[in-house]
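Residue numbers (the numbering used here): 505 to 593. Ideal Cβ positions, reconstructed from N, Cα and C, are used throughout, including at glycine. What follows is a set of notes on a single structure, which appears directly below.
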Amino acid sequence: MKNTIDLHQWLFEIPLDDVRAENYEDKGGPKEPCICCGKKVPNPKYSVHLLTNGNLISSAEDFDNSQGFFPIGATCRKKLPNNFYFVDP
Ligand SMILES: [Zn+2]
């Protein structure tokens, strides 16, 4: 099956623990904090895709084990390869 491309071979995962700040603290509140540092993101522009296994994935597609999208701050996103964050519409 030469023409069949398995899309999953292009997907990469990074454990959230690897990018999350050591002093991360979810202070709660009405808005989701930056997934990386836990600080407020006043105007979220970027988001990451988190899976139930605790990994970020380099795809905005929907997966069975998706937890959904979470905001990431403009500075923190630079810790990630650029295929791991998505610009919010
Ligand atoms: Zn942050």
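Where residue i sits in the DSSP three-state scheme
{"i": "leucine 515", "result": "coil"}
{"i": "valine 552", "result": "strand"}
{"i": "phenylalanine 590", "result": "strand"}
{"i": "lysine 543", "result": "coil"}
{"i": "cysteine 580", "result": "helix"}
8 Å contact criterion, which residue i and residue j should meet: CB distance rounded
{"i": "isoleucine 561", "j": "leucine 515", "result": "6 Å"}
{"i": "lysine 535", "j": "lysine 544", "result": "7 Å"}
{"i": "serine 551", "j": "phenylalanine 590", "result": "5 Å"}
{"i": "glycine 576", "j": "cysteine 540", "result": "For the sequence presented, residue 576 should be read as isoleucine rather than glycine. At roughly 6 Å, the Cβ-Cβ gap stays under 8 Å, so isoleucine 576 and cysteine 540 are in contact."}
For residue i, the first and last residue of its enclosing beta strand (DSSP E)
{"i": "leucine 560", "result": "559 to 561"}
{"i": "isoleucine 576", "result": "570 to 576"}
N- and C-terminal bounds of the alpha helix (DSSP H) containing residue i
{"i": "leucine 520", "result": "520 to 523"}
(request) Check each residue's C-beta against every heavy atom of ligand 1 and list, in chain order, those closer than 5 Å. (result) Cys538, Cys540, Cys541, Gly577 and Cys580
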